[in-house]
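Peer 1: Chains as they are written, first to last, in the working numbering: chain A, -2 to 115; chain B, 75 to 305.
All C-beta atoms in this analysis are idealised placements derived from N, C-alpha and C, irrespective of residue type, glycine included.
All values derive from a computational prediction rather than experimental measurement.
Submitted below is the structure of interest, expressed as structure tokens.
What follows is the structure, encoded as structure tokens:
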């Protein structure tokens, strides 16, 4: 009998979603970075008070969170890809992927507490 | 002229090693393959594949000074000395410059490299308009030398799962063919994080293709079709 577990099945029927998400999050990161760079260029010598003032704006807080979530999601896709390339045993790979996911989830929660905490 | 060639005979050697050759070239030796044939006339233990000697059969693909190419259309005058020759990277070495292409052709076969058309065959042939035929330019010229796939890190890491640039170029060649009716099956077959999406567009394939083809562009079009189909 053929040992089916030894066959290499492919055809997971996903992939383009990650590909698209990676590009969308990249665009968000570029746009937010441009806003931040623009802010620093327009206001030479930004001090802590002004910086805090900026984060008092609810819209800016949301944009900052959107940026950070984009960073985490972008990182998740990238690291998942790296793990898929280099970690061959599926069990270890899933374990590491879960660890990365939990870490990024913690980062997300932490980001919310930082942005809305101060 | 100095050549350093990677040698490996599985019957004798534990692992590959480099052997130096210093040979006198004749004025008629213009291409790297001419030099290799001259080396082989001195040392007939050197094993390499070659056939048409004009860049059509794709037999003599090898790693030339760190970059994959066909020996028969690589000008000796353009090469930096010493010329370092190695077998195509990432595939098992059979002997010296000859690699086992099984994995490469397995991937090529997996994309069903033939027109699938369920209509009854016409008396003569399935016709295409000149515009429809134009779609295939830049796709059909591939000679399957494996220069591209064996320069692709994604193919090195996952040769059993990632189709590789040559296979994906061929896949798009049939997706783009107006006579082919299996576009959805073909896209289904490629909708996979390994088979297609291991490609991260580093474009080594475009850099090395001896026929000047652009697998990255074809892969990009397949990705675009999958996104358009899915969103």
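Which residues of chain B have a Cβ atom closer than 8 Å to the Cβ of residue 8 (chain A), listed in chain order?
Peer 2: The answer, in chain order, is 262, 263, 265, 266, 269.
Peer 1: DSSP state of residue 303 (chain B), grouped into three classes?
Peer 2: Of the three classes helix, strand and coil, the one that applies to residue 303 (chain B) here is helix, per DSSP.
Peer 1: Going by the DSSP bridge assignment, what does residue 135 (chain B) pair with across the sheet?
Peer 2: Note: residue 135 (chain B) sits in a beta bridge opposite B:144.
Peer 1: Given a threshold of 16 other Cβ atoms within 10 Å of its Cβ, counted over all protein chains shown, does residue 13 (chain A) qualify as buried or as exposed?
Peer 2: That one is buried.
Peer 1: Are the beta-carbon atoms of residue 159 (chain B) and residue 276 (chain B) separated by less than 7 Å?
Peer 2: Their beta carbons are not under 7 Å apart, which means residue 159 (chain B) does not touch residue 276 (chain B) by this criterion.
Peer 1: Could you have a look at residue 93 (chain A) and say whether DSSP puts it in helix, strand or coil?
Peer 2: In the structure shown, residue 93 (chain A) sits in a helix (DSSP, three-state: H, G or I).
Peer 1: Mind reading off the beta-carbon distance from residue 157 (chain B) to residue 138 (chain B)? Whole number of angstroms is fine, and I expect it under 8 Å.
Peer 2: So it is a contact: roughly 7 Å between Cβ atoms.
Peer 1: Closer than 7 Å, CB to CB, is residue 76 (chain A) near chain B or not?
Peer 2: No, because no Cβ of chain B sits closer than 7 Å to the Cβ of residue 76 (chain A).
Peer 1: Mind checking whether residue 71 (chain A) and residue 22 (chain A) have CB atoms under 7 Å apart?
Peer 2: Closer than 7 Å, so yes.
Peer 1: Going along the chain, which residues of the region 279 to 304 of chain B sit with their C-beta nearer than 7 Å to a C-beta in chain A?
Peer 2: Here the close residues are 297, 300, 301, 304.
Peer 1: Since residue 158 (chain B) meets chain A, which of its residues come closer than 7 Å, beta carbon to beta carbon?
Peer 2: Those do not exist, as residue 158 (chain B) stays about 27 Å from chain A at its closest Cβ, beyond 7 Å.
Peer 1: So which of B:190, B:149, B:131 has the shortest CA-CA distance to residue 101 (chain B)?
Peer 2: Of the listed residues, the one whose Cα sits closest to residue 101 (chain B) is B:149.
Peer 1: Residue 78 (chain A): which of A:62, A:19, A:61 sits nearest, CA to CA?
Peer 2: Of the listed residues, the one whose Cα sits closest to residue 78 (chain A) is A:19.
Peer 1: Which whole-angstrom value describes the C-beta separation of residue 112 (chain A) and residue 62 (chain A), a residue pair presumed to lie in contact below a C-beta threshold of 8 Å?
Peer 2: Correct: roughly 6 Å between the Cβ atoms.
Peer 1: Would you tell me roughly how many angstroms separate the C-alpha atoms of residue 66 (chain A) and residue 30 (chain A), rounded to the nearest one?
Peer 2: The alpha-carbon atoms of residue 66 (chain A) and residue 30 (chain A) are separated by roughly 14 Å.
Peer 1: With residue 182 (chain B) as the anchor, note down where its beta strand (DSSP E) starts and where it stops.
Peer 2: Unbroken run through residue 182 (chain B) is the alpha helix (DSSP H), 176 to 184; no beta strand (DSSP E).
Peer 1: Would you say residue 17 (chain A) reaches chain B, if we count a Cβ-Cβ gap shorter than 7 Å as a contact?
Peer 2: So yes, residue 17 (chain A) belongs to the interface.
Peer 1: Spatial neighbours of residue 233 (chain B) within its chain, please: C-beta separation below 7 Å, excluding the five flanking residues on both sides.
Peer 2: So the list reads 164, 177, once near-sequence residues are dropped.
Peer 1: Output yes or no for whether 7 Å exceeds the beta carbon distance between residue 189 (chain B) and residue 251 (chain B).
Peer 2: Yes, they are a contact pair.
Peer 1: Under 7 Å, Cβ to Cβ, is there at least one residue of chain B near residue 88 (chain A)?
Peer 2: No, residue 88 (chain A) does not count as interfacial toward chain B.
Peer 1: Can you tell which of B:290, B:279, B:303 has the C-alpha that lies nearest to the C-alpha of residue 141 (chain B)?
Peer 2: Per the Cα distances, B:279.
Peer 1: Are the C-beta atoms of residue 84 (chain A) and some chain B residue less than 7 Å apart?
Peer 2: No, its Cβ sits nowhere closer than 7 Å to a Cβ of chain B.
Peer 1: So which residues of chain A does residue 258 (chain B) contact, with C-beta pairs closer than 9 Å?
Peer 2: Near residue 258 (chain B) there are no residues of chain A at all, since even the closest Cβ is about 12 Å away, more than 9 Å.
Peer 1: Counting contacts by CB-CB distance shorter than 7 Å, is residue 5 (chain A) in contact with chain B?
Peer 2: Chain B contact via Cβ: present.
Peer 1: Who does residue 160 (chain B) pair with in a DSSP beta bridge?
Peer 2: Looking at the DSSP assignment, residue 160 (chain B) forms a beta bridge with B:137.
Peer 1: So which of B:223, B:253, B:161, B:258 has the shortest CA-CA distance to residue 243 (chain B)?
Peer 2: With distances taken between Cα atoms, residue 243 (chain B) lies closest to B:223.
Peer 1: Take residue 227 (chain B) and list the residues in its own chain whose beta-carbon comes closer than 8 Å to its own, dropping the five residues that flank it on each side.
Peer 2: Excluding positions up to five away in sequence, the list reads 276, 278.
Peer 1: Can you tell me whether residue 48 (chain A) is buried or exposed? The criterion is at least 16 other CB atoms within 10 Å of its CB, across all chains shown.
Peer 2: So residue 48 (chain A) ends up on the exposed side.
Peer 1: Quick one: what's residue 96 (chain B) bridged to in DSSP?
Peer 2: Paired residue(s): B:76.
Peer 1: Any beta carbon from chain B within less than 7 Å of residue 73 (chain A)'s own beta carbon?
Peer 2: Not closer than 7 Å to any Cβ of chain B, the Cβ of residue 73 (chain A) fails to qualify, so no.
Peer 1: With a CB to CB cut of under 8 Å and the five nearest residues on each side skipped, what residues in its chain are close to residue 264 (chain B)?
Peer 2: For residue 264 (chain B), where only same-chain residues beyond five positions count, the Cβ hits under 8 Å are 185, 237, 242, 245, 270, 296, 300.
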